[in-house]
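> Can you keep this structure in mind? I'll have questions shortly.
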Amino acid sequence: MWLAERMAALGRVICEAIVHHYGRDELLRRLSHPFWFQSFGAVMGMDWHSSGITTSVVGALKRGLSPIAHELGVQVCGGRGKHSRLTPAELLAVGERTGVDGEALARASRLVAKVDSAAVQDGFELYLHAFIVTDAGNWCVVQQGMNGERRTARRYHWLSEGLSSFVSEPHRAIEGPSAGVIVNLTDARAAAARGAQVELVHSGPDRVLAVLRREAGRARSRRASTSAALELFAEPALEPDALPHLSMPVHHDVRASDVLLRRLHGTLTAAADLGPADFAELLLVPGVGARTVASLAFVAEIVHGAASRFSDPARFSLAHGGKDGHPFPVPLRVYDETIRVVKQAVEQAKLGRDDKLHALARLDAQARALEADARGPSFEELVAHERATAPAHGGRSVARATERVAFVSAGPAATSGPTARARPRPPHPGPGTADQLRLPGMRRRRGAAPP
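Under the numbering used here, residues 99 to 549 are what the sequence shown spells out, in order.
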């Protein structure tokens with residue numbers, strides 16, 4: 099619970115900030131983007147690429163947004179296991195409260211789940227279904243399936259905006275590595291197959307049985323290795339490299355190869371340039387140190403960054419570490435300060451004083467401006483520093499006795515018993531002290547102009 103409560107609080111204020119700046123529909127667009135979703139979970143301290151990130155993010159959003167659903171105009175319905183089966187009833191309640199067509203929303207929920215379990219037969223069994231809907235009736239769906247034999251998970255993203263058909267190329271994102279021949283009746287090239295199935299149903303059982311007998315005879319004449327595959331699609335498949343693709347590695351520890359170092363240096367240099375005293379004064383939040391500013395820079399990117407910024411979600415794990423200790427234990431004091439600063443900024447914005455939220459936007463803009471020129475320590479040095487200072491920041495992680503299930507990949511569509519162990523709690527270093535962000539190598543290149 100020590101992380102779950104914080105994830106709910108941080109997820110809530112990040113969503114509030116996005117809605118304040120860009121509106122509810124933009125929040126739906128981001129949740130339906132797999133790269134952003136993965137980065138969002140990483141910045142909240144979840145294991146950066148395990149399958150549990152989906153369950154944890156969805157659970158955090160449901161807990162965090164439910165108390166303010168009426169005010170924010172965004173409701174998270176469904177969830178994992180038995181909670182997923184409550185989605186239609188929850189959507190009917192949303193309809194009664196807001197006046198939107200709850201029956202249509204419930205039908206959409208059932209159809210989305212049916213498509214990814216029946217029309218897309220890829221070997222992954224759905225166990226999580228989250229339906230996020232606004233008071234205007236716009237929605238996105240995040241659902242996940244598990245392949246028990248391979249111990250891999252796959253996430254499916256849907257977005258109502260621009261959706262013209264539930265059965266023809268409906269996904270905003272769904273992808274995984276090739277696992278052999280699958281049946282994907284949502285592919286645009288399967289239109290004839292979908293039409294043939296409807297025609298068979300309308301023509302009665304005799305014709306269906308005749309077709310099955312004919313196909314069974316053909317199957318017996320083929321080799322066993324190919325007898326189960328029907329040639330549904332005559333056109334060649336798209337090359338994997340033709341579409342944006344995020345490949346999640348098997349290893350769980352965060353490595354330099356998982357992070358775009360120029361982006362990381364830009365973020366940390368922007369935090370260092372603003373400085374703890376200047377940024378605290380800007381936000382009118384006393385006690386904010388340099389290490390908190392660094393975390394705020396990552397949060398600012400989650401709020402304001404463009405889609406292209408999230409191709410290396412592992413980078414966002416350097417904001418608040420990971421609950422399993424990778425790349426370093428979760429610095430609880432920094433985490434709590436981050437929540438406090440962003441929460442205060444959001445609350446002030448609700449009263450018409452949004453200078454604090456704009457300060458976060460400027461922090462993100464400065465990080466992007468500094469990317470080309472910023473230099474700093476190696477990734478390994480940064481992680482070593484965070485691990486060395488973890489006790490001072492209340493670093494905490496959990497022990498995992500069981501093997502984790504990793505994501506196979508994520509990309510825009512074509513396609514435990516853990517026990518918490520608290521670390522010693524040394525005296526809190528004062529705000530702005532050198533111990534909070536001792537990164538002497540973080541600087542601009544010589545001669546680079548300030549943004």
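Quick reminder that beta carbons are idealized off the backbone N, C-alpha and C, glycines included.
(1) Buried or exposed, going by whether 16 or more other CB atoms sit within 10 Å of the CB of H305?
(2) DSSP beta-bridge partners for Y254?
(3) DSSP state of E329, grouped into three classes?
(4) So which of G364, A463, N282 has the shortest CA-CA distance to R212?
(5) Where are the alpha helix (DSSP H) runs, 4 residues long or more, that stay fully inside the segment 174-243, in chain order?
(6) For S130, which of helix, strand or coil comes out of DSSP?
(7) Less than 6 Å between C-beta atoms, sequence neighbours within five positions excluded: which residues of the same chain meet that for A206?
(8) Residues in the same chain with beta-carbon distance under 6 Å from S319, minus the five sequence neighbours each way, listed in chain order, please.
(9) From the DSSP secondary-structure annotation, give me the bridge partner or partners of P165.
(10) Could you tell me whether the segment 458-472 touches the segment 360-368, where touching means 3 or more Cβ pairs closer than 8 Å?
(11) To the nearest whole angstrom, what separates the beta carbons of T163 and C238, a pair I think is in contact under 8 Å?
(12) Which residue comes first and which comes last in the alpha helix (DSSP H) that contains A459?
(13) Do T185 and Q242 come within 7 Å of each other at the CB atom, strictly closer than that value?
(14) Following the continuous alpha helix (DSSP H) through M105, name the residue where it begins and the one where it ends.
(15) Are P429 and H349 touching if we call contact CB-CB under 7 Å?
(16) Give me the Cα-Cα distance between A202 and R292, rounded to the nearest whole angstrom.
(17) On the DSSP letters alone, give me the boundaries of the alpha helix (DSSP H) that F477 sits inside.
(18) Tell me which residues share the same chain as I116 and place their Cβ nearer than 8 Å to its Cβ, disregarding the 5 neighbours each side in the sequence.
(19) Between the C-alpha atoms of R360 and R466, what's the straight-line distance to the nearest angstrom?
(20) Spatial neighbours of S266 within its chain, please: C-beta separation below 6 Å, excluding the five flanking residues on both sides.
(21) Which of the three DSSP states, helix, strand or coil, is assigned to G150?
(22) Have a look at the DSSP bridge pairing and note the partners of P429.
(23) Would G143 and K454 qualify as a contact pair, given that the criterion is a beta-carbon distance under 7 Å?
(24) Starting from I400 and walking both ways along the alpha helix (DSSP H), at which residues does that stretch end?
(25) Spatial neighbours of E223 within its chain, please: C-beta separation below 7 Å, excluding the five flanking residues on both sides.
So, to answer that:
(1) Taking the sequence shown and counting its residues from 1, the one referred to as residue 305 is at position 207. The displayed chain sequence assigns Arg, not His, to residue 305. It is exposed - the Cβ of R305 has fewer than 16 other Cβ atoms within 10 Å.
(2) Taking the first residue of the sequence shown as 1, we reach residue 254 at position 156. Q241.
(3) Working through the sequence shown from its first residue, we reach residue 329 at position 231. The pLDDT assigned to E329 is 41, lower than 50, so where the model puts this residue is not dependable, and the model offers no usable value.
(4) Against the sequence shown, residue 212 aligns to sequence position 114. Going by the sequence as given, residue 212 is Lys instead of Arg. Selection G364, A463, N282 evaluated against K212 yields N282 as nearest (Cα-Cα).
(5) The alpha helix (DSSP H) runs of length 4 or more contained entirely in the segment 174-243 are, from start to end of the chain, 185-196, 200-212.
(6) Position 32 of the sequence shown holds residue 130. In this structure, S130 counts as coil in the three-state DSSP scheme.
(7) For the purposes of this step, residue 206 is taken as residue 108 along the sequence shown, with counting starting at 1. Cβ neighbours of A206 within its own chain (closer than 6 Å, five residues either side excluded): none.
(8) Residue numbering aside, residue 319 sits at position 221 when the sequence shown is read from its first letter. The beta carbon of S319 sits closer than 6 Å to none of the beta carbons in its chain outside the five residues before and after it.
(9) Taking the first residue of the sequence shown as position 1, residue 165 is located at position 67. Answer is none; P165 lacks a bridge partner.
(10) Touching, yes.
(11) Walking along the sequence shown from the start, residue 163 turns up at place 65. Walking along the sequence shown from the start, residue 238 turns up at place 140. Just to set this straight, residue 163 is Leu in the shown sequence, not Thr. Between C238 and L163 the Cβ distance is about 13 Å, and since that is not below 8 Å, they are no contact.
(12) Taking the sequence shown and counting its residues from 1, the one referred to as residue 459 is at position 361. Per DSSP, the continuous alpha helix (DSSP H) segment holding A459 begins and ends at 453-468.
(13) Position 144 of the sequence shown, counted from the start, is the residue given in the question as residue 242. Position 87 of the sequence shown, counted from the start, is the residue given in the question as residue 185. Not in contact: Q242 and T185 (Cβ atoms no closer than 7 Å).
(14) Your numbering for residue 105 matches position 7 in the sequence shown. Element bounds for M105: 102-120.
(15) By 1-based counting over the sequence shown, the position of residue 429 is 331. By 1-based counting over the sequence shown, the position of residue 349 is 251. For P429 and H349, no; Cβs fall outside 7 Å.
(16) Counted from its first residue, the sequence shown places residue 202 at position 104. Counted from its first residue, the sequence shown places residue 292 at position 194. Answer to the nearest angstrom: the Cα atoms are 23 Å apart.
(17) For this step, residue 477 is matched to residue 379 along the sequence shown. That run of the alpha helix (DSSP H) goes 477-487.
(18) Taking the first residue of the sequence shown as position 1, residue 116 is located at position 18. Only E124, L125, R128, V401 meet the Cβ criterion.
(19) Here residue 360 refers to the residue found at position 262 when the sequence shown is read from its first residue. Here residue 466 refers to the residue found at position 368 when the sequence shown is read from its first residue. One C-alpha to the other measures close to 10 Å.
(20) For this step, residue 266 is matched to residue 168 along the sequence shown. Take S266, set aside five residues on each side of it, and the residues of its chain with a beta-carbon closer than 6 Å to its own are A286, in chain order.
(21) Here residue 150 refers to the residue found at position 52 when the sequence shown is read from its first residue. Residue state, collapsed to three classes: helix.
(22) Along the sequence shown, read from residue 1 onward, the residue named residue 429 stands at position 331. According to DSSP, P429 bridges with G493.
(23) Here residue 143 is taken as the residue at index 45 of the sequence shown, counted from 1. Here residue 454 is taken as the residue at index 356 of the sequence shown, counted from 1. Result no, Cβ atoms of G143 and K454 do not sit closer than 7 Å.
(24) Taking the sequence shown and counting its residues from 1, one reaches residue 400 at position 302. Taken as a continuous stretch (DSSP letters only), the alpha helix (DSSP H) holding I400 covers 388-402.
(25) Within the sequence shown, residue 223 is the residue found at index 125, counting from 1. If we look at E223 and ignore the five residues flanking it on each side, its Cβ neighbours are G243, M244.
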